[in-house]
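Accompanying notes for the structure given below.
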Amino acid sequence: MSRRRQVVIGMLGSSLDQAKRGPSRWDKWRPSVALCQHEDLLVDRFVLIYPRRFEGLARAIKEDIAQVSPETDVVLENIEIADPWDLEQTYGALRDFARRYPFDPAKEDYLVHITTGTHIAQISMFLLAESRHFPARLIQTSPSQRDAAGTFSIIDLDLSKYDSIAARFHQEQKEGLSFLKSGIETRNAAYNRLVERLEQVAIASRDPVLLCGPTGSGKSQLARRLHELKKARRQVAGELVEVNCATLRGDAAMSTLFGHVRGAYTGAAEARAGMLRKADKGVLFLDEIGELGVDEQAMLLRAIEDKTFFPVGSDREVQSDFQLIAGTNRDLGAQVGAGRFREDLLARINLWTFVLPGIRDRPEDVAPNLEYELERVGGARNLRLTLSREARDRYLTFGRSAEALWSGNFRDFNASVRRMATLCEGGRISVADVDEEIERLRAAWRSDRAPTEDGTSGIVERLLGPKLSSFDRFDRIQLDEVVRVCRTARSLSDAGRVLFAASRAEKSQPNDADRLRKYLARYGLTLQAIQAA
């Protein structure tokens with residue numbers, strides 16, 4: 004395997020790097036030259052930042068480095084800072100440089116030299132490395148009485164130790180949070196805390212992230228935003244590869260994920276790389292990971308832990324260094340109990356788990372999401388969409404009410420706005436348009452709860468399938484009522500309080516949630532599965 008190139012970025016030391024020309028200059032410790040004199044520190048490229056007035060000194064340092072380290076390519080980078088003791092000017096100039104520099108972390112390792120320059124420049128370099136604008140470690144040099152090369156130490160920043168410094172980036176963090184929320188000014192405190200933690204994890208960790216939540220709660224969109232954020236912060240260099248595991252079946256599942264060699268099975272006329280290899284150096288998003296077969300789960304576990312796997316039909320391992328984001332609308336813990344999901348795989352992907360609430364659980368976010376959808380839908384049609392005040396109030400009142408099921412979550416919400424945008428006159432959504440849409444939503448949600456011939460709702464039939472025919476009619480009707488209550492409840496406890504309102508009064512310490520959980524488990528159901536169906 005070829006060696007990764009080592010690149011140093013440093014400031015010219017207008018005082019420390021100075022020395023009179025002649026042989027005596029080699030007796031003086033000059034940090035920029037000394038940096039390239041260590042046998043155990045090979046510098047392939049030295050990007051030396053200097054102001055124009057010290058161009059002569061910069062060229063002299065470049066010539067001296069060529070003598071002590073011919074293999075080092077010195078690149079002189081002119082950056083003008085009017086007052087190098089001004090934090091705003093210095094930080095801004097260096098940040099602009101970091102944004103335009105063609106970093107390639109997949110092929111090169113970066114070190115930021117913090118010994119030279121003003122104290123303000125050193126602080127700015129530190130902050131830019133800590134915030135990952137420079138995807139680098141720090142290198143600090145110091146003189147020694149033994150030789151002119153001095154000593155050096157490499158510092159790998161641990162963000163957890165620098166809470167006070169991290170506070171300087173409050174505004175940038177706000178920008179990151181807004182980015183993850185697609186610019187929507189959400190008001191739900193719990194959701195905002197969730198996104199804040201997710202942003203911190205995305206920047207600081209390469210571990211798998213598990214996004215849970217009902218269908219339509221925004222897992223796919225959030226995964227795309229996480230990838231873009233990681234790429235902007237140079238956490239990944241590759242692309243986002245999305246796979247809906249619910250569509251994978253049989254041999255095609257293995258081949259899609261891990262690839263195959265030519266002739267691996269009937270029909271495999273050409274070799275296929277597979278999605279895991281495509282995600283090398285990038286992010287792999289496995290949506291509905293709970294739908295994977297147990298064989299695929301076993302191979303995926305090894306690929307996550309070792310970054311290696313065997314394509315179908317091959318006896319030669321391949322590598323892929325991807326970061327995993329998984330999504331599910333199922334209770335994976337219950338799936339483990341039922342033998343449908345590997346416990347060791349769940350343990351591996353469950354380190355960072357974030358449960359995304361549906362829009363029904365965030366009534367205060369209906370208004371900002373309405374604004375977002377109006378702008379998005381209108382932009383796609385090159386049209387400015389507006390609502391009259393009365394129409395807006397009526398739609399928001401309904402959208403926040405218990406009557407609004409939003410069973411498809413944001414998919415329902417987006418579809419609702421698109422229908423009103425299509426039917427309104429001149430981009431102005433009227434009260435009549437809103438009333439018509441509300442009736443349309445009511446009818447759609449009523450059909451979800453309409454009883455079948457055996458007295459149960461369609462949702463129960465979808466949840467249990469053919470197994471329903473083996474239940475007594477009494478059990479079917481009872482289960483249907485339980486499912487109906489669970490569909491609109493915010494938690495197991497809320498549903499239990501409704502279902503056990505009479506009997507719970509006789510208990511000194513009622514545990515409605517546990518009682519309901521055990522009842523649902525008899526049928527292999529969970530609250531999460533019911534609300535996602």
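Counting from 1 along the sequence shown, just add 3 to a position and that's the residue number in my numbering. Where a beta carbon is used, it is the ideal one built from N, C-alpha and C, also for glycine.
- Around the beta carbon of isoleucine 157, fewer than 16 other beta carbons sit within 10 angstroms, so the residue counts as exposed.
- In its chain, beyond the 5 residues on either side, Leu289, Glu291, Ile292, Glu294 and Leu295 have a beta carbon closer than 6 Å to the beta carbon of cysteine 248.
- Relative to arginine 493, the option among Arg98, Arg190 and Ile533 whose CA is nearest is Ile533.
- Per DSSP, isoleucine 352 is one residue of the alpha helix (DSSP H) stretching across 346-352.
- Per the coordinates, the alpha-carbon of glutamate 308 lies some 14 Å from the alpha-carbon of leucine 287.
- For valine 71, the enclosing alpha helix (DSSP H) starts and ends at 58-71.
- Its chain contains Met14, Pro87 and Thr93 as the residues whose beta carbon lies nearer than 7 Å to that of alanine 124, once the 5 sequence neighbours on both sides are disregarded; these appear in chain order.
- Proximity to valine 315 across Arg422, Thr259 and Tyr194 peaks at Thr259, based on C-alpha coordinates.
- In this structure lysine 222 is not in contact with leucine 232, their Cβ atoms being roughly 15 Å apart against a cut-off of 8 Å.
- Judged by DSSP in its simplified three-state form, leucine 359 adopts coil rather than helix or strand.
- CA-CA distance, serine 35 to valine 46, rounds to 12 Å.
- As a beta-bridge residue in DSSP terms, cysteine 215 pairs with Thr331 and Val358.
- By the Cβ neighbour-count rule, proline 26 is exposed, with fewer than 16 other Cβ atoms within 10 Å of its own.
- Isoleucine 84: not part of any alpha helix (DSSP H); DSSP gives it neither H nor E.
- Rounded to whole angstroms, the gap between the alpha carbons of tryptophan 448 and alanine 240 is 44 Å.
- Between phenylalanine 416 and tryptophan 409 the beta-carbon gap is near 6 Å, inside 8 Å, which marks them as a contact.
- Non-local beta-carbon contacts of phenylalanine 357 in its own chain, meaning distances under 8 Å to residues more than five positions away in sequence, involve Leu197, Arg200, Leu201, Val212, Leu213, Leu214 and Cys215 in chain order.
- Under the DSSP assignment, leucine 197 falls in the alpha helix (DSSP H) whose first and last residues are 192-207.
- Counting only runs of 3+ residues, no beta strand (DSSP E) is found wholly inside the stretch 385-411.
- Per DSSP, the beta bridge partners of histidine 263 are Arg275 and Val315.
- Per DSSP, glutamine 143 is one residue of the beta strand (DSSP E) stretching across 140-145.
- Shown here, phenylalanine 416 sits in a helix according to DSSP, grouped into three states.
- Taking a 10 Å sphere around the C-beta of threonine 529, we find 16 or more other C-beta atoms and assign the residue as buried.
- Annotation for tyrosine 522: the continuous alpha helix (DSSP H) segment containing it runs 515-524.
- Per DSSP, the continuous beta strand (DSSP E) segment holding glutamine 9 begins and ends at 8-14.
- Burial is judged here by how many other beta carbons sit within 10 angstroms of a residue's own beta carbon; alanine 85 has fewer than 16 and is exposed.
- Short of 6 Å from the beta carbon of tyrosine 398, and not among the five residues preceding or following it, lie these beta carbons of its own chain, in chain order: Val437.
- Taking C-beta separations shorter than 6 Å and ignoring five residues to either side along the sequence, the partners of valine 501 in its chain run Val488, following chain order.
- With respect to the 8 Å criterion, histidine 136 and arginine 103 are not classified as neighbours on the basis of their beta carbons.
- Closest option to serine 404, judged by alpha-carbon separation, among Arg392, Thr389, Leu390 and Asp368: Asp368.
- By the Cβ-count criterion, alanine 101 is buried, with 16 or more other Cβ atoms from all chains shown falling within 10 Å of its own Cβ.
- Judged by DSSP in its simplified three-state form, leucine 444 adopts helix.
- Taken through DSSP and simplified to helix, strand or coil, glutamate 74 comes out as coil.
- Membership of arginine 98 in the alpha helix (DSSP H) is indicated by the continuous run 90-103.
- Beta-bridge partners assigned by DSSP to threonine 491: none are found.
- Cα atoms of alanine 282 and alanine 69: separation of roughly 40 Å, rounded to the nearest angstrom.
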